[in-house]
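Undergrad:
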Amino acid sequence: MSDTTAKVINLADRRAKKEHEARNAPIPGWIVWLHCPKCNTLEYSEISMPDGRVHKKCGTLVEEEEIQIDVRAEYTISMRNSKRLDELFRETKIPGFMKPLAKKGIGMLENLQAAEKEYRKRLENIAGGTVSPYQDEWDEKSLDMDLKILDPLGLILTEARQPDLHFPEVVS
Ligand SMILES: [Zn+2]
Numbered sequence: 006m007s008d009t010t011a012k013v014i015n016l017a018d019r020r021a022k023k024e025h026e027a028r029n030a031p032i033p034g035w036i037v038w039l040h041c042p043k044c045n046t047l048e049y050s051e052i053s054m055p056d057g058r059v060h061k062k063c064g065t066l067v068e069e070e071e072i073q074i075d076v077r078a079e080y081t082i083s084m085r086n087s088k089r090l091d092e093l094f095r096e097t098k099i100p101g102f103m104k105p106l107a108k109k110g111i112g113m114l115e116n117l118q119a120a121e122k123e124y125r126k127r128l129e130n131i132a133g134g135t136v137s138p139y140q141d142e143w144d145e146k147s148l149d150m151d152l153k154i155l156d157p158l159g160l161i162l163t164e165a166r167q168p169d170l171h172f173p174e175v176v177s
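For the sequence shown, our numbering assigns the number 6 to the initial residue and increments by one for each residue that follows.
This is the structure in structure tokens:
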């Protein structure tokens, strides 16, 4: 092998390695939880507003709590939740699935799925474009945080999606 060929291969290797690293690097971001003290409502926003903001519904200045996130980790977990919901959705279509529960159950799954999609849309807003998830081997338990598992569905909520951690006096 000539020196030139070796150099080209080396360069290609390095580029591939860099691309791999970029796809597997955390994307830092923030989620803000907003609490309206008048309406006692909680909602999240991906938009940081250093000068504060008011609740649209009542005009009261809201309390804010910023949570630092890894956008890619949040996105990956949300994708896994969606996959789980798809599976559960298919299970409810199996003939013989308890009928009275089915209707209520499907509505609940649809709401949860919509919430996951909405969350990923916000994450894309933060990242300023599409976000690629971590690879299948990536384990959410590698995150140093309290993950909440929603039983019996098996959905995972990161700390950024547990408002009770950030406003414990509101959610009890
Ligand atoms: Zn309000």
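Note that beta-carbon positions come from the ideal geometry of N, C-alpha and C, so glycine has one too.
Which partner residues does C63 have in the DSSP bridge list?
TA: BP columns for C63 are empty, so no partner.
Undergrad: Can you pull the DSSP bridge partners for P42?
TA: P42 pairs with nothing; no bridge assigned.
Undergrad: Look up Y49 in the DSSP assignment and give the residues it is bridged to.
TA: BP columns for Y49 point to W38.
Undergrad: Give the DSSP bridge partners of I72, in chain order.
TA: Beta-bridge pairing links I72 to I36.
Undergrad: Fully enclosed by the region 101-140, which alpha helix (DSSP H) runs are 4 residues long or longer?
TA: Counting whole runs of 4 or more residues, the region 101-140 contains the alpha helix (DSSP H) stretches 104-132.
Undergrad: What are the start and end residues of the alpha helix (DSSP H) that includes L152?
TA: Unbroken run through L152: none, as it is neither H nor E.
Undergrad: Between which two residues does the alpha helix (DSSP H) containing V13 stretch?
TA: Its alpha helix (DSSP H) spans residues 8-28.
Undergrad: Determine the contact status of M150 and E164, defining contact as a CB-CB distance below 8 Å.
TA: Contact flag set, yes.
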